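Take a look at the structure below.
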Amino acid sequence: MWWDPQGFYGRVPVPFMASRLRFAGLAAAALAWVVILASIALNPWFVFVRNAFSDLGGPHANYPWVYNYGLIGVAVLTFLFSAYLLSTSRNKVEAAGASYISVAAVFLALIGVFHEGTYPHVFVSLWFFVQFDLAIMAWSIGAAMAGDRAGWPLFLLGAAAPIPAALLRWPSAATLEAYGVAVIDVFVIAVTLRRPQQAVRTARPL
Numbered sequence: 036m037w038w039d040p041q042g043f044y045g046r047v048p049v050p051f052m053a054s055r056l057r058f059a060g061l062a063a064a065a066l067a068w069v070v071i072l073a074s075i076a077l078n079p080w081f082v083f084v085r086n087a088f089s090d091l092g093g094p095h096a097n098y099p100w101v102y103n104y105g106l107i108g109v110a111v112l113t114f115l116f117s118a119y120l121l122s123t124s125r126n127k128v129e130a131a132g133a134s135y136i137s138v139a140a141v142f143l144a145l146i147g148v149f150h151e152g153t154y155p156h157v158f159v160s161l162w163f164f165v166q167f168d169l170a171i172m173a174w175s176i177g178a179a180m181a182g183d184r185a186g187w188p189l190f191l192l193g194a195a196a197p198i199p200a201a202l203l204r205w206p207s208a209a210t211l212e213a214y215g216v217a218v219i220d221v222f223v224i225a226v227t228l229r230r231p232q233q234a235v236r237t238a239r240p241l
């Protein structure tokens with residue numbers, strides 16, 4: 036595999052290409068908000084406290100392809116970020132968390148494919164957030180096991196995030212979605228800023 040040519044054994048420097056993927060998460064976060072804001076600008080009827088972000092990609096939106104194709108682009112960057120986390124994982128639990136992010140990226144791309152008005156849309160939209168929250172908790176547990184002081188605070192972020200999402204009365208789907216995106220952004224920023232640019236992969240038992 037390009038990210039670990041010597042397998043799971045020994046201390047393997049992360050290749051140059053993989054180290055550049057460290058910032059793919061930040062790029063994904065920035066692009067997501069650019070896509071959302073651009074789509075809102077193209078659809079002046081959109082009201083943040085009344086609509087859902089998915090309305091921007093529905094059949095009645097102006098230029099829905101901006102939102103839908105934009106989400107697919109964000110998904111690609113998210114997948115690349117998961118590849119970086121996998122390449123620098125320090126144990127199997129961290130690797131599992133990184134793998135969950137790659138699955139979340141697939142669901143994100145499917146939101147763009149199955150836009151609002153199609154049958155699978157609600158399912159893929161919900162499971163993107165569920166999958167990413169599971170990824171945050173799994174990766175954070177692995178980080179804590181590796182001695183990373185940010186592990187448990189990030190785990191609490193993932194564990195606590197669904198509580199207000201479930202209990203509060205949100206004025207619109209868009210406000211709830213913005214909250215979910217903000218939680219993901221906090222995780223991505225924290226992980227990107229803490230992880231070394233040239234990380235190494237340590238030996239892992241089978």
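According to my numbering, the residues represented by the sequence shown are 36 to 241, in order. All residues carry an ideal CB built from backbone N, CA and C; glycine is no exception. Note that the coordinates shown come from a computational prediction; the quantities given were computed from them, not determined experimentally.
**OP:** Return yes when at least one heavy atom of the ligand ATP lies under 6 angstroms from the C-beta of residue 152, else no.
**Re:** This structure simply doesn't include the ligand ATP, nor any ligand for that matter.
**OP:** Leaving aside the five residues before and after residue 167 along the sequence, list all residues of the same chain whose C-beta is less than 6 angstroms from its C-beta, in chain order.
**Re:** 139, 219
Original post:
Leaving out five residues before and five after residue 130 in sequence, what residues of the same chain have Cβ atoms less than 7 angstroms from its Cβ?
Top reply: 121, 124
**OP:** Check whether the Cβ atoms of residue 179 and residue 144 lie closer than 7 angstroms to each other.
**Re:** Using a Cβ distance threshold of 7 angstroms, residue 179 and residue 144 do not count as a contacting pair.
Original post:
Which class does residue 36 belong to by DSSP, given the choice of helix, strand or coil?
Top reply: Reliability fails at residue 36, whose pLDDT of 40 lies under 50, so the model's placement of it is uncertain and no value is given.
Original post:
So, is residue 229 buried or exposed, given that buried needs 16 or more other C-beta atoms within 10 angstroms?
Top reply: exposed
Original post:
How is residue 199 classed by DSSP in three states: helix, strand or coil?
Top reply: helix
Original post:
Terminal residues of the continuous alpha helix (DSSP H) containing residue 68?
Top reply: 59 to 77
**OP:** For the region 79 to 93 and the region 205 to 214, state whether three or more C-beta atom pairs, one from each stretch, are separated by less than 8 angstroms.
**Re:** yes
**OP:** Go through its chain and collect everything with a Cβ distance to residue 42's Cβ below 7 angstroms, but skip five positions before and after it.
**Re:** Model confidence at residue 42 stands at a pLDDT of 43, short of 50, so the residue's coordinates are unreliable and nothing is read from them.
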